[in-house]
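Asks:
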Amino acid sequence: MDTVKIGDRLYEGKAKILYATQDPDLYVMKFKDSATAFDGKKKGIIEDKGACNARISAKLFEVLADEGVANHYVKLLSPTDMLVRRLTIIPIEVVVRNIAAGSISKRLGLEEGTPLKVPVVELYLKSDALGDPLINEYHVRALNLATDEEVGVLTNMALRSNEILSGFFADKRLILVDFKLEFGKRPDGSVILGDEISPDTCRLWDRDSKEKLDKDRFRRDLGSVEEAYREVLSRVIGEVD
Ligand code: UDP
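Read in order, the letters of the sequence shown correspond to residues 6 to 246 in the working numbering.
#1: Report yes if the CB atom of Leu218 is closer than 8 Å to the CB atom of Asp211, and no otherwise.
#2: Going straight from the alpha carbon of Pro204 to that of Lys54, what length do you get?
#3: By Cβ distance below 7 Å, which residues in the same chain neighbour Glu117 in space, the five residues on each side in sequence not counted?
#4: With DSSP run on the structure shown, which of helix, strand or coil describes Phe43?
#5: Between Ser214 and the ligand UDP, is the CB less than 7 Å from at least one heavy atom?
#6: In three-state DSSP terms, what is Val230?
#7: Just to confirm, is the Cβ distance from Asn179 to Leu139 under 8 Å?
#8: Measure from the alpha carbon of Pro84 to the alpha carbon of each residue in Lys37, Gly73, Val123 and Thr41, then state which is nearest.
#9: Thinking C-alpha only, which one of Lys46, Asp13, Gly45 and Tyr78 is nearest Arg191?
#10: Whose C-alpha, out of Phe173, Pro120, Gly114 and Val99, is nearest the C-alpha of Asn141?
#11: So the alpha helix (DSSP H) Ile169 belongs to, where does it begin and stop?
#12: Just the Cα atoms here: how many angstroms apart are Ala59 and Glu201?
#13: Pull up the distance between the alpha-carbon of Ile61 and that of Thr119, whole angstroms please.
#14: With DSSP as the reference, identify every bridge partner of Phe188, one or two as the case may be.
#15: CA-CA distance, Ser214 and Leu115?
#16: So, helix, strand or coil for Lys111, using DSSP?
#17: Name the two residues that bound the continuous alpha helix (DSSP H) containing Gly12.
#18: On a CA-only basis, which of Lys21, Leu198, Phe223 and Arg222 is nearest Pro96? Give me that one, please.
#19: Tell me whether Val100 counts as near the ligand UDP, meaning its Cβ is closer than 7 Å to at least one heavy atom of that ligand.
#20: Less than 7 Å between the CB of Lys190 and some heavy atom of the ligand UDP, yes or no?
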């Protein structure tokens, strides 16, 4: 592959910037240190977050690809810049939960930490203006967000990713409480996994102490935010048993 030339900035989000390259099939995703929570009402900088999240995501995408979950990751170009395949993002955020925390605890009155008997898949409409409301398959159909077949595929891919990632994190003494995935379509119509998988988008608890090692440290002002991201990185890329 030729040296990648970073081109026009296509989109800047809260945590990442997307750039075109000279190859129309490839984009560069730059991971930023800025952090937001509560629909952008809380803002801050988490030092080295971009580099941590890029490396963590890269490793997790490799693990998923090895197990047959197709995703957009190609390679890391620098500590914060990831080369990815071009996708048309499906405007649905797919959350998988193993243990109650965050919004499901509030919505259903479940104490944080309550194990769920089976993994729960939830769909949210990707809309900053509306604060990503919870939706179901009927809304997806009514709003023409994706076909029934695509929803079936992304639900299965999300559940399979949960099995793979839960096992991977367990080997690193981490509990995967919940996480959010985004999917997109390739030019041939196939649905693959996109975006990122990092402590910004996963809840990860230390297996033994149950300490939170994810963005909840920022959301809830728990302190040691940078340390938590670095700890996850070192466990994910290291050989912790
Ligand atoms: N999540 C995310 N982006 C969002 C909303 C949620 O990455 O816009 C992740 C979040 O980090 C957590 C999971 O999805 O791992 C479930 O989040 P929840 O619905 O509990 O909402 P929160 O408490 O994060 O507002």
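Idealized CB from N, CA, C, for every residue including glycine.
Replies: Once the coordinates are examined:
#1: For the purposes of this step, residue 218 is taken as the residue at position 213 of the sequence shown. For the purposes of this step, residue 211 is taken as the residue at position 206 of the sequence shown. For Leu218 and Asp211, yes; Cβs fall inside 8 Å.
#2: As a first step, residue 204 is located in the sequence shown; it is residue number 199 there, counting from the start. As a first step, residue 54 is located in the sequence shown; it is residue number 49 there, counting from the start. Taking the straight line joining both Cα atoms gives about 9 Å.
#3: By one-based count along the sequence shown, residue 117 stands at place 112. Cβ within range, chain order: Ala105, Ala106 and Ser110.
#4: Translated into the one-based positions of the sequence shown, residue 43 becomes position 38. The answer is coil: DSSP assigns Phe43 none of H, G, I, E or B.
#5: If you number the sequence shown from 1, residue 214 lands on position 209. The answer is no for Ser214.
#6: The residue given as residue 230 occupies position 225 in the sequence shown. Val230 falls in the helix class under three-state DSSP.
#7: In the sequence shown, residue 179 corresponds to position 174, counting from 1. In the sequence shown, residue 139 corresponds to position 134, counting from 1. Checking the sequence shown, residue 179 turns out to be Leu, not Asn. Their beta carbons are not under 8 Å apart, which means Leu179 does not touch Leu139 by this criterion.
#8: For the purposes of this step, residue 84 is taken as the residue at position 79 of the sequence shown. Nearest option by C-alpha distance: Lys37.
#9: Translated into the one-based positions of the sequence shown, residue 191 becomes position 186. Per the Cα distances, Tyr78.
#10: For the purposes of this step, residue 141 is taken as residue 136 along the sequence shown, with counting starting at 1. When only C-alpha atoms are compared, the closest one is Val99.
#11: Locating residue 169 in the sequence shown gives position 164, counting from the first residue. Boundaries of the alpha helix (DSSP H) around Ile169: Asp153 to Asp176.
#12: Sequence index remark: in the sequence shown, residue 59 carries index 54 (1-based). Sequence index remark: in the sequence shown, residue 201 carries index 196 (1-based). Between Ala59 and Glu201, the C-alpha separation is close to 8 Å.
#13: Here residue 61 is taken as the residue at index 56 of the sequence shown, counted from 1. Here residue 119 is taken as the residue at index 114 of the sequence shown, counted from 1. Cα-Cα distance, rounded: 27 Å.
#14: Here residue 188 refers to the residue found at position 183 of the sequence shown. According to DSSP, Phe188 bridges with Leu198.
#15: The count along the sequence shown starts at 1 and reaches residue 214 at position 209. The count along the sequence shown starts at 1 and reaches residue 115 at position 110. Between Ser214 and Leu115, the C-alpha separation is close to 21 Å.
#16: Against the sequence shown, residue 111 aligns to sequence position 106. Of the three classes helix, strand and coil, the one that applies to Lys111 here is helix, per DSSP.
#17: Translated into positions along the sequence shown, residue 12 becomes position 7. Looking at the DSSP string, Gly12 is not in any alpha helix (DSSP H); the run it does join, the beta strand (DSSP E), is Ile11 to Glu17.
#18: The residue labelled residue 96 in the question sits at position 91 within the sequence shown. Checked all of Lys21, Leu198, Phe223 and Arg222; the closest Cα to Pro96 is Leu198.
#19: Position 95 of the sequence shown, counting from 1, holds the residue named residue 100. The answer is yes for Val100.
#20: Along the sequence shown, read from residue 1 onward, the residue named residue 190 stands at position 185. Flag unset: Cβ of Lys190 not near the ligand UDP.
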